[in-house]
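Number of protein chains: 2
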Amino acid sequence: MRNVLVIGTGKLAWNLIPALLQRGISVSGVAGRQQEGLARFEAAYHIPVFDLAWVQTRTWEDTLVVLAVSDGAIAGVATALAPALGPGSMVVHASGSVPLAALAPLGADRTGVLYAMQIFTFDSLADFSDLPVFIEGADGVLERLRPLAERLSSRVQVLDSASRARLHLGAVLVCNFPNYLYALAASLVPEAGMGAYDALVYEHVRKVFALGPENTQTGPAIRGDRATVQRHMNMLAEHPEAQQLYRLLSEAINPDLKEKG
Amino acid sequence: MRNVLVIGTGKLAWNLIPALLQRGISVSGVAGRQQEGLARFEAAYHIPVFDLAWVQTRTWEDTLVVLAVSDGAIAGVATALAPALGPGSMVVHASGSVPLAALAPLGADRTGVLYAMQIFTFDSLADFSDLPVFIEGADGVLERLRPLAERLSSRVQVLDSASRARLHLGAVLVCNFPNYLYALAASLVPEAGMGAYDALVYEHVRKVFALGPENTQTGPAIRGDRATVQRHMNMLAEHPEAQQLYRLLSEAINPDLKEKG
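So the sequences go chain by chain: A and B.
The first sequence begins at 0 in numbering that gives the first Met the number 0 and counts up one residue at a time.
The second sequence begins at 0 in numbering that gives the first Met the number 0 and counts up one residue at a time.
In structure tokens:
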């Protein structure tokens with residue numbers, strides 16, 4: 000596939016397009032429904048911008064169409080684009096939680112997934128070369144998708160929809176849930192705030208990726224230090240929800256705590 | 000105080016002593032009970048090493064004695080050292096969870112706390128200049144302790160024992176509990192492992208410290224996306240403990256999920 004057409008004007012498209020351009024990959028353009036979003040891409044990246052309805056009336060040959068749209072819109076946009084897919088073209092979506100099957104109406108021989116594992120923002124551009132990128136598709140699809148993915152990132156891996164769904168669950172576990180715990184921790188000592196934990200969190204995260212989380216579990220729960228666990232539970236007395244979470248997380252870390260806990 | 004005497008041969012002492020030396024602070028030596036640990040300090044840092052029992056028989060003048068020993072040993076070691084404290088000397092402990100009151104028998108005018116917020120290791124030396132350091136003590140103690148703490152770090156803050164105990168609880172929330180969630184997430188997709196999440200976690204943590212955790216809560220729970228929450232719960236069906244944690248954390252993030260949850 001000689002060209003990439005990106006559908007969507009959100010954060011992923013915003014980050015993906017410059018990464019493609021930097022690598023000398025031809026970007027046919029970006030398509031969307033909102034003129035304002037498109038104008039932003041035109042101004043920043045100097046690429047053609049298209050109204051999505053117009054894109055559907057054309058024939059796109061030898062093109063990788065990347066659906067960088069919200070999860071709920073993927074199936075609908077794909078179906079609408081089907082008649083516009085010319086020879087040598089295929090459609091991939093870029094979502095962690097949507098199965099490849101959402102593109103099934105277009106046929107297995109021209110649909111796939113290209114999922115980059117990152118939180119994308121408009122503020123700073125992600126460096127794709129070091130991002131984990133997960134691809135999925137039939138053999139013939141992977142044969143053509145993989146070389147392009149490998150121009151984007153050195154960390155391309157084939158992963159099926161079921162595993163990708165678990166990976167997406169994992170992302171909730173490693174970002175969204177810790178975020179709640181961070182907010183709780185920051186609220187405990189308002190005079191110091193979240194900043195008090197920065198060196199600790201960065202060092203812990205560094206160790207987690209260097210040694211694996213199975214080797215970096217420390218703290219009162221794993222030590223079986225019931226006195227500290229109890230003291231911490233008492234400190235959360237006015238926060239029954241947090242107290243229950245403290246107990247359950249401690250018991251999950253160390254089932255021995257359950258007996259007397 | 001012109002000199003610092005460090006009691007303890009653990010990770011904190013290992014990191015603190017070179018930080019003191021680098022700043023030109025006079026280190027009288029390090030004291031401990033195990034010859035092997037002491038020899039390591041002597042070889043690496045070329046400072047005097049003392050048996051703890053011998054230290055107790057001397058008189059230490061104009062010296063800041065830092066108790067870098069385990070929480071449970073602090074009160075005992077402090078009491079044993081009391082007779083050895085000469086004019087102008089004071090004792091501080093370096094623990095997050097032990098109150099200043101543990102040193103009360105020595106008198107409020109010569110006891111304090113110097114707590115550096117970091118996970119210390121023997122493998123790599125912490126850069127103290129950017130570590131949050133929390134100090135506590137009577138006014139006269141702080142007057143003498145603060146200048147020394149500020150030579151160590153640019154981030155010195157006075158914090159009382161109750162707040163420091165909550166900070167220590169916070170450390171469990173921001174490191175130990177996320178660690179459990181990391182391990183769970185890694186286990187969900189063994190073919191990708193923990194490494195799959197690295198870019199995501201680092202970017203999330205960067206945003207947390209840049210914007211505050213109250214502004215970085217994303218994911219299905221906060222969006223009220225019951226379908227995804229339910230799908231994730233189903234994926235954890237064989238892991239009832241994790242499933243319960245998923246539900247409780249989601250409900251803590253977004254209490255609206257409780258109604259039909």
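Glycine included, every Cβ here is placed at the ideal spot set by N, Cα and C.
Which residues does DSSP pair with residue i in a beta bridge?
i	result
tryptophan 59 (chain B)	B:Leu84
glutamine 156 (chain A)	A:Phe133
tyrosine 114 (chain A)	A:Phe133
serine 25 (chain A)	A:Asn2
cysteine 89 (chain A)	According to the sequence displayed, residue 89 (chain A) carries methionine and not cysteine. Partner(s): A:Leu63.
Helix, strand or coil: which one does DSSP assign to residue i?
i	result
serine 94 (chain B)	coil
glycine 169 (chain B)	helix
phenylalanine 121 (chain A)	coil
threonine 217 (chain A)	coil
alanine 30 (chain B)	strand
valine 64 (chain B)	strand
valine 200 (chain A)	helix
valine 48 (chain A)	strand
histidine 238 (chain B)	coil
alanine 12 (chain A)	helix
glycine 36 (chain A)	helix
glycine 71 (chain A)	helix
valine 188 (chain B)	coil
aspartate 138 (chain B)	helix
glycine 194 (chain A)	helix
alanine 255 (chain B)	Strictly speaking, residue 255 (chain B) in this sequence is aspartate, with alanine absent from that position. In this structure, aspartate 255 (chain B) counts as helix in the three-state DSSP scheme.
aspartate 108 (chain B)	helix
glycine 260 (chain A)	Because glycine 260 (chain A) carries a pLDDT of 44, less than 50, the predicted location of this residue cannot be relied on, and no value is offered for it.
Which whole-angstrom value is the C-beta distance of residue i and residue j, which I expect to be below 8 Å?
i	j	result
arginine 228 (chain B)	leucine 256 (chain B)	According to the sequence provided, residue 228 (chain B) is valine. The question's arginine does not apply to it. With a Cβ gap of about 6 Å, valine 228 (chain B) and leucine 256 (chain B) count as contacting.
histidine 231 (chain A)	leucine 168 (chain B)	5 Å
alanine 164 (chain A)	serine 96 (chain A)	6 Å
alanine 93 (chain A)	leucine 11 (chain A)	6 Å
phenylalanine 121 (chain A)	tryptophan 13 (chain A)	6 Å
leucine 15 (chain B)	valine 64 (chain B)	Wrong, their Cβ atoms sit about 13 Å apart, outside the cutoff.
glycine 136 (chain A)	glycine 111 (chain A)	3 Å
leucine 172 (chain A)	cysteine 174 (chain B)	Actually they are not in contact, since the Cβ atoms of leucine 172 (chain A) and cysteine 174 (chain B) sit about 15 Å apart, beyond 8 Å.
arginine 145 (chain B)	valine 155 (chain B)	6 Å
aspartate 108 (chain B)	valine 140 (chain B)	7 Å
alanine 30 (chain B)	isoleucine 6 (chain B)	5 Å
Would you say the beta carbon of residue i comes nearer than 7 Å to a heavy atom of the ligand MG?
i	result
leucine 180 (chain B)	In terms of ligand content, the structure shown is empty, and the ligand MG therefore cannot be addressed.
If we count Cβ pairs, one from each stretch, closer than 8 Å, do we get three or more for the segment 237–252 of chain A versus the segment 85–94 of chain B? no
May I ask you to verify whether the segment 150–165 of chain A touches the segment 214–227 of chain B, counting CB pairs closer than 8 Å and requiring at least 3? no
Are there three or more Cβ pairs, one per stretch, closer than 8 Å when the segment 116–132 of chain A is compared with the segment 73–85 of chain A? no
Is the segment 198–208 of chain B touching the segment 176–195 of chain A, taking contact as three or more C-beta pairs under 8 Å? yes
Counting pairs of beta carbons, one from the segment 96–110 of chain B and one from the segment 38–56 of chain B, are three or more of them closer than 8 Å? no
Would you say the segment 18–26 of chain A touches the segment 50–59 of chain A, given that touching needs at least three Cβ pairs under 8 Å? no
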